[in-house]
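Visitor: Right, I'll just put the structure down here and ask away after.
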C-alpha cells in the first residue's frame with residue numbers, strides 16, 4: 003500500500019453530510035476514519051470507499067461519552083500515525099419547547115455538540131501540530147444564528163460551537179492549525195427522523211418554506227464545503243463560519259412564516 007499522505011476524521015460519518023464528506027475526502031486520496039454510534043452504517047461507508055480503491059476505517063464511538071475523544075484519536079493515530087483533518091459533524095438534535103425540556107436532554111446536546119468537538123480537537127492537537135496542512139472543520143447550523151421556537155437546546159449548542167470555532171482559530175493560528183465552520187440550513191439527511199416523528203414529509207415542506215431558494219440542501223452540497231475548507235484552496239482561511247443554507251439566515255428571510 004502506498005504511503006498515506008493525509009488522514010481525515012469525520013464524526014457522524016455513517017450517514018448524511020458526514021458520509022458524503024467521507025466519500026469526497028477518499029476520492030482525493032485522503033485516508034478517512036468515519037466515527038459514529040452505530041457500526042453498521044460506518045462499515046457500509048468503509049466498504050463503499052474501499053470498493054472504489056480508497057482507504058477508510060470505522061471507529062464506533064458514542065460522543066456523549068467523555069472518554070470517546072481520546073479513544074477516537076488513539077484509534078486513528080494507532081492505525082495511521084497521523085491526523086491532518088478533523089471534521090466535527092456529529093450532532094444531537096431534539097426540538098422541544100422550554101416547558102418540555104429536561105436537564106438530561108440539555109446535557110446531551112452540550113455533550114455531543116460542544117464538549118465532544120472541544121476535546122476531540124484537544125486530543126488531536128499533538129498530531130495536528132505535526133501536519134503541514136492541519137485543518138479543523140466544525141459543522142454548526144443555521145439554528146445557531148436564528149431565533150426559532152422549540153430549538154433553544156440545539157441552537158444554543160450550535161451557537162457555542164461557532165464561538166469555539168472563532169476562539170480556537172485565533173489560538174491555534176500561530177501554530178499553523180486552521181479552524182473553520184460551515185452552518186448548514188435544512189438539509190435532506192436522516193437526522194430529521196429523530197425529531198420529525200411520523201410526518202417527515204410535512205416537516206420537509208415546512209423547512210422548504212424557511213429557505214429563500216425554496217428547497218432543502220443535499221448532503222453532497224454541504225459536504226463539498228467541508229472538503230474545500232479542509233483543503234489547500236482554503237489555506238489562507240481561518241475563523242470563518244460559512245452559511246450553506248439557501249439564504250435562510252438572510253435578514254428577514256423567515257418573516258413571511260409568521261404571516262401564514
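In the working numbering, the protein residues as written are 3 to 262.
Every residue, glycine too, gets a C-beta built ideally from N, C-alpha and C.
In this text the structure is predicted, and so the values were computed from the model without any measurement.
(1) List in chain order: all unbroken beta strand (DSSP E) runs of 3+ residues lying wholly within the stretch 149-230.
(2) Determine whether the beta carbon atoms of residue 208 and residue 136 lie at a separation below 8 Å.
(3) If you compare alpha carbons, which of 156, 84, 182 is closest to residue 171?
(4) Excluding the five sequence neighbours on either side, which residues of its own chain have a C-beta within less than 6 Å of the C-beta of residue 153, listed in chain order?
(5) Tell me which residue opens and which closes the alpha helix (DSSP H) that residue 51 is part of.
(6) What residues match up with residue 59 in a beta bridge as DSSP calls it?
(7) Since residue 33 and residue 9 should fall inside the 8 Å C-beta cutoff, what is the C-beta to C-beta distance between them, to a whole number of angstroms?
(8) Can you tell me whether residue 100 is helix, strand or coil according to DSSP?
(9) When you compare the CB positions of residue 91 and residue 160, do they come within less than 8 Å of one another, or not?
(10) So is residue 132 buried or exposed if we call it buried at 16+ other beta carbons inside 10 Å?
(11) With a threshold of 6 Å on Cβ separation, who are the neighbours of residue 45 within its own chain once the five nearest residues in sequence on each side are excluded?
(12) Could you say which of 22, 84, 64, 216 lies nearest to residue 47 if we only look at CA atoms?
(13) Assuming contact is defined by CB atoms lying nearer than 8 Å, are residue 193 and residue 228 in contact in what I supplied?
(14) Between which two residues does the alpha helix (DSSP H) containing residue 123 stretch?
(15) Rounded to whole angstroms, what's the CA-CA distance from residue 231 to residue 139? Just pull it up for me.
(16) Check for me: the alpha helix (DSSP H) holding residue 275 runs from which residue to which?
(17) With the cut-off set at 8 Å, would you say residue 95 and residue 165 are in Cβ contact?
(18) At what residues does the beta strand (DSSP E) containing residue 245 begin and finish?
(19) Taking the DSSP output, what are the residues bridged to residue 10?
(20) Helix, strand or coil for residue 251, going by three-state DSSP, please let me know.
(21) With a threshold of 16 other CB atoms inside 10 Å of the CB of residue 11, please say whether the residue is buried or exposed.
(22) Any chance the stretch 216-227 sits against the stretch 239-253, with 3 or more Cβ pairs inside 8 Å?
Guide: Concretely, from the data shown:
(1) Restricting attention to beta strand (DSSP E) runs no shorter than 3 residues, the stretch 149-230 encloses them at 180-186, ordered along the chain.
(2) Taking C-beta atoms as the reference points, residue 208 and residue 136 fail to come closer than 8 Å.
(3) With distances taken between CA atoms, residue 171 lies nearest to 182 out of 156, 84, 182.
(4) Closer than 6 Å at the Cβ level, and outside the excluded window around residue 153, lie 97, 145.
(5) For residue 51, the enclosing alpha helix (DSSP H) has its first and last residue at 41-53.
(6) DSSP lists 35 as partners of residue 59.
(7) Residue 33 to residue 9, Cβ: 5 Å. Contact.
(8) If DSSP states are grouped into helix, strand and coil, residue 100 belongs with the helices.
(9) Their beta carbons are not under 8 Å apart, which means residue 91 does not touch residue 160 by this criterion.
(10) It is exposed - the Cβ of residue 132 has fewer than 16 other Cβ atoms within 10 Å.
(11) The answer, listed in chain order, is 60.
(12) Ranking 22, 84, 64, 216 by Cα distance to residue 47 puts 22 first.
(13) No, the pair does not count as a contact, with Cβ atoms beyond the cut-off.
(14) Segment 118-130, the alpha helix (DSSP H) holding residue 123.
(15) The straight-line gap separating the alpha-carbon atoms of residue 231 and residue 139 is approximately 7 Å.
(16) The requested residue 275 does not occur in the structure, where the chain is confined to residues 3 to 262.
(17) Pairing residue 95 with residue 165 gives a Cβ-Cβ distance that is not under 8 Å.
(18) Unbroken beta strand (DSSP E) run through residue 245: 243-246.
(19) Under DSSP, residue 10 shares a beta bridge with 34, 87.
(20) Residue 251: coil per DSSP, three-state reduction.
(21) Answer is buried; the Cβ neighbour count reaches 16.
(22) Short answer: they touch.
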